[in-house]
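Scroll down for the structure; my scribbles are underneath it.
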Amino acid sequence: MAASLSHRLRVFGALLAPFAAGVALSGCAGMSETIAPAFADPGKYELYDCKQLEAERKALTARTADLQRLMDKAETGAGGAVVAELAYRNDYIAVRGQSQLVDDAWRRNRCRETPPEAAPPAAP
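Residue numbering for the sequence shown follows numbering that gives the first Met the number 0, beginning at 0 and increasing consecutively.
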């Protein structure tokens, strides 16, 4: 009887552990968007002019896309979700926080996108 109870407790523990880990990780996934600004310096872009902000926005957009691509690629492998979380998530959150701060400074400075340069006319 005691051996049967011990076996049941082990089985219950083995089933409960993955469930608890899933609940814990799902809670972390929802937090990333709200804590992103905490990973960035709020005063970093205060003295940037519109030209500097535009360059920074482009660089951060490219970096965000790179990190997202790396996380997506990592998730395709075995244990990839854990690898993506450990290897890239903190950088991704930090870059998202910086992007939010750059966008705030962009709006505060009333900046406008620089139109793409027109190609010179072809020589006749």
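Beta carbons are placed, not taken as given, at the ideal position from N, Cα and C, and that holds for glycine.
| Are at least three pairs of beta-carbons, each pair with one atom in the region 43-55 and one in the region 78-85, less than 8 Å apart? | no
| query | How about V94 and T63: do their beta carbons lie closer than 7 Å? | reply | Residue numbering aside, residue 94 sits at position 95 when the sequence shown is read from its first letter. Residue numbering aside, residue 63 sits at position 64 when the sequence shown is read from its first letter. Yes, the pair counts as a contact, with Cβ atoms nearer than the cut-off.
| Under the three-state DSSP convention, the category C49 falls into | The count along the sequence shown starts at 1 and reaches residue 49 at position 50. Looking at C49 - three-state DSSP - the assignment turns out to be helix.
| query | I think N108 touches C49, with their Cβ atoms under 8 Å apart; what is that distance to the nearest whole Å? | reply | Along the sequence shown, one-based indexing puts residue 108 at 109. Along the sequence shown, one-based indexing puts residue 49 at 50. Sure, about 6 Å apart at Cβ, within 8 Å.
| Span of the alpha helix (DSSP H), counted from its first residue to its last, around D90 | For the purposes of this step, residue 90 is taken as residue 91 along the sequence shown, with counting starting at 1. Where D90 is concerned, the enclosing alpha helix (DSSP H) stretches over 79-107.
| field | Cβ-based neighbour list, A125, same chain, cut-off 6 Å, excluding 5 preceding and 5 following | value | Outside the shown range of the chain (0 to 123) lies residue 125, about which nothing can therefore be said.
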